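Engineer: Residues in the first sequence are numbered from 1 upward in steps of one, following UniProt numbering.
Following this message is one structure expressed as structure tokens.
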Amino acid sequence: MTQHWLFKTEPDAFSISDLASRPKKREGWDGVRNYQARNFMRDDMKVDDLAFIYHSSCKHIGIAGLAKISRTGLVDNAQFNPESRYFDPKSTPDKPRWWMVELEHIETFTEILPLADIKQIPDITELGLVKKGSRLSIMPVNASEFDVLLAHAKRS
DNA sequence: GCCAACGTTGGC
DNA sequence: GCCAACGTTGGC
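This is the structure in structure tokens:
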């Protein structure tokens, strides 16, 4: 059973076009340091699951494109690098704390589907983005809402 | 830059 | 295990 996801990113740090310009259009999604988000990646994601890429903390906030999960079960090596802002002194290579998946770019939407518009769509009620207080950087999207959002994103 | 809401830490 | 204090997130 394929699931659907949404990954937040700050485009100043890593954007949908950065993903598209990587070799094979793929990149490991490192730097997640939240247990719930990690658990989604480590326990629930499957190769070929689809994922929206969402731009946050920027001028044009919203869903910017579509990707898929290309690899799972990867260790986020930034946790072992003392130079990295994602370094975790409590994690060891024997027993890594932080795991990630790899994403592969599928499509950059012609226009970003703005958060303000998403909030106006009557069918979108379950999505974490529109729920008060949700700060998850990675969240599931149920199948019907995923279809609605994809239709809106392609229409704009 | 503000600030509400949330997650994490650490003393007890 | 509680909970206050602190740090972070992220829209506005």
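The beta carbon of each residue, even a glycine, is placed where N, CA and C say it ideally should be.
Bear in mind the structure is a predicted one, so any value in this text is a computation, not a measurement.
Roughly how many angstroms separate the alpha carbons of lysine 131 and leucine 6, rounded to a whole number?
Structural biologist: Position 131 of the first sequence, counting from 1, holds the residue named residue 131. Position 6 of the first sequence, counting from 1, holds the residue named residue 6. C-alpha separation (whole angstroms): 14 Å.
Engineer: Tell me the rounded alpha-carbon separation between leucine 113 and valine 47.
Structural biologist: In the first sequence, counting from the first residue as 1, residue 113 sits at position 113. In the first sequence, counting from the first residue as 1, residue 47 sits at position 47. Looking at the two C-alpha atoms, the distance is approximately 25 Å.
Engineer: Can isoleucine 138 and leucine 129 be called in contact, C-beta distance under 8 Å?
Structural biologist: Walking along the first sequence from the start, residue 138 turns up at place 138. Walking along the first sequence from the start, residue 129 turns up at place 129. Cβ atoms of isoleucine 138 and leucine 129: not closer than 8 Å.
Engineer: Give the DSSP-derived three-state secondary structure of serine 134 in the structure shown.
Structural biologist: Along the first sequence, one-based indexing puts residue 134 at 134. If DSSP states are grouped into helix, strand and coil, serine 134 belongs with coil.
Engineer: Can you give me the C-alpha to C-alpha distance between phenylalanine 109 and leucine 50, rounded to a whole angstrom?
Structural biologist: Within the first sequence, residue 109 is the residue found at index 109, counting from 1. Within the first sequence, residue 50 is the residue found at index 50, counting from 1. Rounded to the nearest angstrom, the two C-alpha atoms are 15 Å apart.
Engineer: Apply the 10 Å Cβ neighbour rule to glutamate 102 and answer buried if 16 or more other Cβ atoms are within range, or exposed otherwise.
Structural biologist: For this step, residue 102 is matched to residue 102 along the first sequence. Burial call: buried.
Engineer: Short of 8 Å in beta carbon distance, which residues of its chain neighbour isoleucine 124, apart from the five on each side in sequence? Order them along the chain.
Structural biologist: Numbered from 1 along the first sequence, position 124 holds the residue referred to as residue 124. Answer for isoleucine 124: Ile118, Val130, Glu145, Val148, Leu149, listed in chain order.
Engineer: Can you list, in chain order, the residues of its chain with a C-beta nearer than 7 Å to that of alanine 20? Leave out the 5 residues immediately preceding and following it.
Structural biologist: By one-based count along the first sequence, residue 20 stands at place 20. Only His105, Thr108 meet the Cβ criterion.
Engineer: Tell me, which residues are paired with phenylalanine 52 by DSSP?
Structural biologist: Here residue 52 refers to the residue found at position 52 of the first sequence. BP columns for phenylalanine 52 point to Leu6, Leu66.
Engineer: Assuming the contact rule is C-beta atoms closer than 8 Å, serine 57 and glutamate 10 should be a hit. Round their C-beta distance to whole Å, please.
Structural biologist: Here residue 57 corresponds to residue number 57 of the first sequence, with the count starting at 1. Here residue 10 corresponds to residue number 10 of the first sequence, with the count starting at 1. Confirmed, Cβ separation roughly 5 Å.
Engineer: How would you write the range of the alpha helix (DSSP H) that histidine 105 sits in, first residue to last?
Structural biologist: In the first sequence, counting from the first residue as 1, residue 105 sits at position 105. Where histidine 105 is concerned, there is no enclosing alpha helix (DSSP H), although the beta strand (DSSP E) it sits in stretches over 99 to 114.
Engineer: Where does valine 32 sit, in a helix, a strand or coil, going by DSSP?
Structural biologist: Numbered from its first residue, the first sequence carries residue 32 at position 32. If DSSP states are grouped into helix, strand and coil, valine 32 belongs with coil.
Engineer: Using only CA atoms, which one of Ile16, His55, Ala151, Ser84 lies nearest to lysine 68?
Structural biologist: For the purposes of this step, residue 68 is identified with residue 68 of the first sequence, where counting begins at 1. Lysine 68 has its Cα closest to that of Ile16, out of Ile16, His55, Ala151, Ser84.
Engineer: Tell me, please, whether the segment 39 to 46 touches the segment 86 to 93 by the rule of three or more beta-carbon pairs shorter than 8 Å.
Structural biologist: Segments in contact, no.
Engineer: Would you report the Cα separation of proline 96 and valine 75, rounded to the nearest angstrom?
Structural biologist: On the first sequence, position 96 is the one that residue 96 refers to. On the first sequence, position 75 is the one that residue 75 refers to. Cα to Cα, proline 96 sits roughly 7 Å from valine 75.
Engineer: What are the boundary residues of the alpha helix (DSSP H) that histidine 152 is part of?
Structural biologist: Within the first sequence, numbered from 1, the residue matching residue 152 stands at position 152. Its alpha helix (DSSP H) spans residues 143 to 155.
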